[in-house]
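Residue numbers (this note's numbering), protein chains in the order written: chain A, 81 to 419; chain B, 3 to 659; chain C, 55 to 412.
Beta carbons: idealized from backbone N, C-alpha and C, even for Gly.
First up is the structure itself, then whatever we jot down about it.
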């Protein structure tokens, strides 16, 4: 069985679409990932690592300041990048749903929410106005909005953030897509609402048999809701593994660092771990392994050569010359601490 | 009656040796019918009084064609007239239109510059003899004529006013000359009584007959304090009494003899149709005999006839709109000799000069009087579109510009300072560059081409060294080495106030500023809109103020230069000029009825004022015009408005519109 | 919403009185006197024959300029007789001929006393309004699609060229554009359009159909000049509003929904980008009645702009007051309209709610 989504060496660079091919700093620098039908994958990393850009690049919604310069995005065995924009657009919304980070801002303030849902139905499924409205009320009900027939007439500003995110989700799933792309859907919401939304995703995924690509900066949030996770750093995917394995045996020092940053419930007095240094900004990614200046385990080679994941098809892969072993330990470098 | 009286006079006085009558030659009468005015006459000097040839400025026209009737003349005017009722001041453009659509009691002959009877068929002028209180019995004065003779004694021909139906006629009692000794009477007011005999064939444009009632009503109106006629009221306040002796005879008596008493019945006296404007006239549909002064005034102010003018001239206004004022020939005009040739005159109103020039080149205008010097001599008039359609020319109009120094301010109190300023501007150079050598620097406010003006008077030459000398003499030199002359710790710095729309005086200011800088004077340019500038000048809240004046062929200098105006806010004595000798000269001028004796007085006054330099006397620029080739009969007059439309005619072949 | 509109209109009355007091005071503080323009020709030369000091004194007495300003204002507003001996022009005669502003009587002009300011304004409006309305309509019709297209194709050749053209138009003074058009289309150029006035001088002789055509032909160049003048500003406004909206997240959402691009722009982006344009509407309405001095001067159209300008130069206080008041009414109505439109287009604004809506 072929993968539902297969991304190969995707490069996104700064600069408008008219800039020459290889100019501009890379925001996403040769990312590859793979998603099976019905699978839920988390894409994690610190802010600015390029994960949201990667997601936008998949569906061709990059801001005008960036463009995709190379790589392929295969969805259902078709390379989306080669498709006619009109056909590609038909795929969007119909087979791929997208939910963005800021629920209130990503809804049109001047249209009623019912209309915003119904619009997709009319566009992709060719439903008549009335039918689309009825269906959108059902969808609102499905995403857990109470009194959906009344709410459908409301405008986004009349609803809470959580409610709006439910609306956004209703829009995304309206045509029962096979893939749902979700960009930090809970970051802007408070914790209790976060939980409900995550539960909603779980339920919908089960009901609709959707694959899920979940972008988040917080591994902990997604760990119970995804099958696999990819860790991104400085525009590259550094580690990819089933989520449980990743948690238990992180192989990349960065993944390890990320995990250590979490306050663990069991040990209340432990001092929080902190990765030294900061994420490199776009354009100033160091040569070799992008993480090496902050890495406690770096060797001379790390600064010169770029480590790659052995294979994105493997269940586990890591882009590191000196991956951590199962115990999570490795001899510390003697060449001094991080800068 | 009076005429027979003169006949008798002719018989009675041959023995009286040389007898002549004072004043204006006593009786003015219409010329007998004859040649059309101005025809075929030539003059070597086009300036000043004299016969004016037709079409003399045009190279393309040889000789004069025979005038024909018909066609429409389109004349450009640069601003929308407020209305045409000149009693409540309608502005310069309205006055020019009134030239053709209205008539006056007396008109100035554009060639001789003399006043001639018009609506008044004849005007008789009388003197008034005022008795000493002890003499003369019940009457304090008698009217008649002062007669000079070989007698040592004062001779007097008395006259009685009598109505035509009065049976006692002087035909039976020949007039007798009375002789008075010096102690018998107090004074004689020469030419203080005017008897206007009105034409009986003049019709208003609506067909109503013109008569003495209209004249009386107009005088009433000028003197009605509620009417907005203050601009001219002072002229008519000199009148002691006025009455209609009969339907076509008006007697006007002045307080004293005044050299311009007849002049006020020309330009400043706009006769109103009583049957339209007079609430107390039974012919008025709004007749109200009880109306107060204020109500009568408001009736005049708000009257729609102010624009839908009913006049007495050879042309009748048919339309008064924002874009044009149209008039057609009025067939019942009384002077058949001068009744106009074209059928219609359209005054086309285009306030913007550029737009007007567009219209000119498009052939929509026959006459345009706002060319600039460099356009007259340069490309604009050389281009085909212009040269094919138009001839160009110029004439002078009585307008001069100046910079008034406020002598109330310490800075300008010293005559040497003002003379120094006079030395620091080269008017000739300015005329040569800005006016393309067209224009003349002047030394007086009165009209450059009037006999009152002394062209021989020498100007202060442009001489900055002399200016510096004069300033130093007066104590102004650079003591502290800052490049600016000073005195008593004060720097010589002043403000030059000018109307921001006046391009000429702006240029004058800029050039003057440069020159003054070289002699250590700081001049700051202060531009204001016209009303604000006038207010500042009127309140005497200025240092130096640029301006320009329009003057008649002869203007009473009292308003401009008599010391009694120096302290009156808004009077024309802007500089605050005071000089006893000048006051005396002005009063002499006012009382001197003999033109030839008045001129030397003007010349002396001119020299005195010029020496004192209360203002920097500027220059006169000619009016540069374009006139369509299809228009003929064009004469250039050196009196406002500079032309007479009723003499123009349109060549029949060229008639297209 | 009706209550809101009524309340706002109710506020109009005190606003107008406030404005009238302010303008009345300012106007009289500006140096200059209407009477000072008596005997003055169009170039500002003064006839030395007139008695300016007497004229000014007469005017000041007749129109009560020497009274304290507050008394003059009361005279202006209504038939209050505050002068010592009564005044015929200001209600003092006991007749109700003159009722002041309260009776919507704007008074007369000073230098053209036959002119009733109210009817003159009305006449001028009837000249200006069709011209400005057509021009603004044209400007909007061109600038909206132009602005949108430039925004959608931001950075493209079209966007850059149109920006260049638009900035050139913006930089060119209106009178220059007007003269250029006159020279191109007038007798000296293509000779295809009239360049002056509102009608041919002989239009009265034409039949109705020809007269209408004549009038329309006369309107072409002024309307074009006026429209080109606003075009630049408007299209840039549309473009920047549109650009802002195009970057908004809900537009990205709309794209993510897979809607056709036309739908995204017209339904999601444009309606939101209209919002800032509506604020402009508050300024558009007064400019509709205000006219343009420049256009009216070049094309010799005696509209409101020239009237106000001439009145200012002549210190025709009554005319200035009336024009300002009409302008104020139009501004308030314009703002009200823009508020109502805002509310109609943007559900986030609830007019009944409060005053924070403008």
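query, result
"Chain C within 8 Å of residue 135 (chain A), Cβ atoms only", "no"
"From B:431, B:547, B:112, B:559, residue whose alpha carbon lies closest to that of residue 526 (chain B)", "B:547"
"CB contact below 8 Å: residue 415 (chain C) versus chain A", "Nothing can be reported for residue 415 (chain C): it is not among the residues displayed for chain C, which extend from 55 to 412."
"Neighbourhood of residue 296 (chain A) by C-beta distance below 7 Å, restricted to the same chain and skipping five residues each side", "122, 124, 264, 302"
"Residue from B:459, B:386, B:380 with nearest C-alpha to residue 438 (chain B)", "B:380"
"Strand pairing of residue 551 (chain B), partner residues [DSSP]", "B:402, C:100"
"For residue 266 (chain A), the three-state DSSP class (helix, strand or coil)", "coil"
"Separation of residue 311 (chain B) from residue 94 (chain B), as counted between CA atoms", "16 Å"
"Close Cβ partners of residue 348 (chain C) (< 6 Å) along its chain, the five nearest in sequence each way excluded", "228, 229"
"Member of A:375, A:156, A:228 whose CA lies at the smallest distance from the CA of residue 176 (chain A)", "A:156"
"Where residue 642 (chain B) sits in the DSSP three-state scheme", "coil"
"Segments assigned alpha helix (DSSP H), at least 4 residues, entirely inside the segment 168–246 of chain A", "193–200, 209–222, 228–231"
"N- and C-terminal bounds of the beta strand (DSSP E) containing residue 326 (chain B)", "326–331"
"The segment 111–125 of chain C / the segment 77–94 of chain C touching (three or more Cβ pairs under 8 Å)", "yes"
"Local Cβ density within 10 Å of residue 367 (chain B), reported as buried at 16 or more and exposed below that", "buried"
"Closer than 8 Å to chain C by CB, residue 407 (chain B)", "no"
"Cutoff 7 Å; reference residue 265 (chain C); Cβ partners in own chain excluding five residues on either side", "257"
"Which of helix, strand or coil DSSP assigns to residue 187 (chain B)", "strand"
"Test: residue 369 (chain A) CB closer than 8 Å to a CB of chain C", "no"
"Residue 319 (chain B) burial status per 10 Å Cβ neighbour count (16 or more: buried)", "buried"
"Rounded separation between residue 647 (chain B) and residue 633 (chain B) - CA only", "10 Å"
"Beta-carbon proximity of residue 399 (chain B) to residue 644 (chain B), cut-off 8 Å", "yes"
"Rounded straight-line distance, which links the Cα of residue 352 (chain B) to that of residue 610 (chain B)", "43 Å"
"Beta-carbon proximity of residue 329 (chain C) to residue 396 (chain C), cut-off 8 Å", "yes"
"Simplified DSSP state of residue 232 (chain C), which is helix, strand or coil", "helix"
"Interface flag, residue 249 (chain C) vs chain B, CB-CB below 8 Å", "yes"
"Residue-chain proximity (residue 395 (chain C), chain A), Cβ-Cβ < 8 Å", "no"
"C-alpha gap between residue 254 (chain C) and residue 264 (chain B), whole angstroms", "44 Å"
"Alpha carbon of residue 6 (chain B) to alpha carbon of residue 300 (chain B), nearest angstrom", "Low confidence applies here, because residue 6 (chain B) scores a pLDDT of 39, under 50, leaving its location unreliable; read the following figure in that light. So the two alpha carbons sit approximately 45 Å from each other."
"Closer than 8 Å to chain C by CB, residue 553 (chain B)", "yes"
"Backbone CA spacing between residue 254 (chain A) and residue 219 (chain A) [nearest angstrom]", "7 Å"
"Where residue 206 (chain B) falls: helix, strand or coil (DSSP)", "coil"
"Beta-carbon proximity of residue 87 (chain A) to residue 112 (chain A), cut-off 8 Å", "yes"
"Chain C within 8 Å of residue 251 (chain A), Cβ atoms only", "yes"
"Closer than 8 Å to chain A by CB, residue 307 (chain C)", "yes"
"Residue 400 (chain A), DSSP secondary structure in three states", "coil"
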